[in-house]
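First to last, the protein sequences are chains G and E.
For the record, in the first sequence the residue sitting at position 176 is 188 according to my numbering, with numbers rising by one throughout.
For the record, in the second sequence the residue sitting at position 38 is 74 according to my numbering, with numbers rising by one throughout.
Here a beta-carbon is modelled for each residue, glycine too, at the ideal position from N, C-alpha and C.
Written out below as structure tokens is the structure these notes cover.
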Amino acid sequence: MIGLLAAADTLVLFVAASLTKPLQPVLDAFTAQTGIVVQRESGASLEHVRKITDLHRVPDVLLLADADVFPRYLMPAHATWYADFARNRMVVAYTPKSRHAAEITADNWMSILQRGDVEIGRTDPRIAPVGYRTLLMFQLAERYYKKPGLAKSLFDHAPDRNIRPNAAELAALLAAGELDYIYDYQSVAESNGFRYVVLPPQIDLGDAHREKDYESVSVQVRGASPGTTTTVRGEPILYGMTIPRAAPHPVSADRFVAYLFSPAVVKQLRDAHVDMLANPVVHGSGAPAGLRGGAGR
Amino acid sequence: MASVIVAIVASLFLLFIVGPVAGLVGSGGGRGLASLVSDSELRQSLSLTALTATTATFLGILGGTPIAYVLARRTFRGKALLAAIMDLPLVIPHPVAGIALLLVLGRGTTLGSALYAAGLRVAGSPTGIICAMLFVSAPLYVSAARESFARVDARFEAVARTLGDDAWRAFRRVTLPLSARGLTAAAIVMWARAVSEFGAIVILTYNPKVASVLSYDRFTAFGLQEALPVAAVLVLLALVPLAALRALRKE
């Protein structure tokens, strides 16, 4: 019995909350095909970072919603490379049960969300990328729509009590009817079957060609120790992944990465509303041979 | 020989319980207590925790005592079912308990929308925290209170009744004084359980943060070093109810 258990290979996977739902069928298929048992842990990016840096629980593969987290927290001590592999966009998600659901459009979303009779939720900017991306989007919206004070007003109308630690928990609240509108990723809205307002590409952080525009806004988020702050600049949303240096099952990790970026799986993820890059863009050194040399965007 | 083995096992078990706690207080205790002065977020969180746990405990005593008494004294159809229902929250995983509460008290439900319209917000408020605490810790009070009542000889109550007291008077003048220590101990256990709850609370109310949520938040955002003082302070403050329990037993 023990021998049987030891024989099944394992893959430990830490994955961004927003990616979990679309990824699950891929994991199931991977297990069916290879017999490798996948232990998946889902959560906000910083939750995963802390598990690695402070609790010394290292996964085989790490998939995060913000590629920037790798150089900021994990390199070089825990990883020597990372690869950008998917894009995403900010949207305003809602359901048919939401107040004013019948009225809201891409043109009037700001006024509806400032009305005060709707419950609006967002994610904690201190631990989840989607949280600070929401704040960056507010600022971009203020400039784009030329309405001074808009950023602060949108911020005030998504109060602390409606903040949740990660994108998936926020989506759960919307599904439960507890919230009317949430600021979340397009992929999360799609995979949960929510309706959503498509925001202009100038503000949704989804367009890889608008780096310069996005860069012009920034937010202060909590820094690495209490009382300190860090400046985060706007940039196109990029999901990143790596195999950490201390991965416990490197062979399984390599197999999974090869599987993840195989054309069939990329297509499967795209069908599940994950905007996969045509080829992953690798930074750093030591990545598996199959990944390197991607043309990217 | 047997007593030596028992002593060794008991010592190892004691070490297992004391070790982590001592380690926690040792690495974070001093800094934690010191930070109480400067860290207003920590102070607010601790007072919110104490307030909500105490409120939840009072509500638990109010609603749970009659149920405990009935379970201790009466026999009726469905008694076993009632007892099982009262124990259910203990076996439900905590986040699931939070979701269950949301499904009944959330804004999108019949009861919840009525509450919301009346101005009582459950999710995202201290009310939600109290509901989560009450749900997961009340069973502990009810089962301990039931034991306390059961240990009071029913004949004393019967004697009081024959002497002219009605049921409520007999309870107040006979049963209650005799079970008071047991009930107090039960309430303290419930309070301690309420203070340590995390999973159910986080589903209903993430902000404002009680101490358990704050320690997790500090850990996620800043790492172990910053989370330790919060945890250590919690442990030190938790000594208060424990000391109260000890004082009760000594009498």
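Review point. From this set, G:Ser123, G:Pro260 and G:Leu289, which residue's C-alpha is nearest Arg248 of chain G's C-alpha?
Key: Inspection of the sequence shows that residue 248 of chain G is occupied by Pro rather than by Arg. Considering only alpha carbons, the answer is G:Leu289.
**Study point:** Interfacial residues, the region 245 to 274 of chain E to chain G, with Cβ spacing under 7 angstroms
**Key:** Phe255, Thr256, Ala257, Phe258, Gly259, Leu260 and Glu262
Review point. Can you give the Cα-Cα distance for Val246 of chain E and Ser81 of chain E, rounded to whole angstroms?
Key: 5 angstroms
**Study point:** CB contact below 8 angstroms: Ala159 of chain E versus chain G
**Key:** yes
Check your understanding: Between which two residues does the alpha helix (DSSP H) containing His68 of chain G stretch?
Key -> From DSSP, His68 of chain G is part of no alpha helix (DSSP H); its letter is neither H nor E.
**Study point:** For His130 of chain E, three-class secondary structure by DSSP
**Key:** helix
Point to revise | Residues of its chain near Ala92 of chain E, where Cβ-Cβ distance is below 6 angstroms and the 5 sequence neighbours each way are ignored | key: Ile166, Met169, Leu170 and Ala230
**Study point:** Three-state secondary structure (DSSP) of Pro292 of chain G
**Key:** strand
Exercise for review: Say whether chain E places a C-beta atom closer than 8 angstroms to the C-beta of Ala105 of chain G.
Suggested key: no
Review point. How about Arg67 of chain E: is its C-beta nearer than 8 angstroms to some C-beta of chain G?
Key: no
Exercise for review: Answer yes or no: does any C-beta atom of chain C fall closer than 8 angstroms to that of Tyr242 of chain E?
Suggested key: The structure shown contains no chain C; its protein chains are G and E.
Point to revise | Where Leu186 of chain G falls, given that 16 or more other Cβ within 10 Å makes a residue buried | key: buried
Practice item. Could you name the residues of chain G that Gly99 of chain E contacts, counting a contact when the two beta carbons are closer than 7 angstroms? Key: Simply none; closest approach about 25 angstroms.
Check your understanding: When we look at the beta-carbon of Ser62 of chain E and count the other beta-carbons within 10 Å, is it buried (16 or more) or exposed?
Key -> Reading the sequence as shown, one finds Gly at residue 62 of chain E and not Ser. With fewer than 16 other Cβ atoms within 10 Å, it is exposed.
**Study point:** Residues from the region 112 to 143 of chain E in contact with chain G, defined by Cβ distance under 7 angstroms
**Key:** Leu138, Gly142 and Arg143
Practice item. Flag Leu126 of chain E as yes when its Cβ comes closer than 7 angstroms to any non-hydrogen atom of the ligand NAP, and as no otherwise. Key: Absence of the ligand NAP is noted for the structure shown, with no ligands found whatsoever.
**Study point:** CB contact check: Asn204 of chain G to chain E, cutoff 8 angstroms
**Key:** no
Point to revise | Min CB distance Asn174 of chain G to chain E below 8 angstroms | key: yes
Review point. By a C-beta neighbour count over all protein chains shown, 10 Å radius and 16 as the cutoff for buried, is Asn100 of chain G buried or exposed?
Key: buried
Check your understanding: Pairing CB atoms from the region 65 to 73 of chain E with CB atoms from the region 265 to 281 of chain E, are three or more of them under 8 angstroms?
Key -> yes
Review point. Is it true that the CB of Val27 of chain G sits closer than 8 angstroms to the CB of Thr54 of chain G?
Key: The amino acid occupying residue 54 of chain G in the given sequence is Ser; Thr does not appear at that position. Result yes, Cβ atoms of Ser54 of chain G and Val27 of chain G sit closer than 8 angstroms.
Practice item. Provide the residue(s) that pair with Met102 of chain G in DSSP beta bridges, ordered along the chain. Key: G:Tyr197
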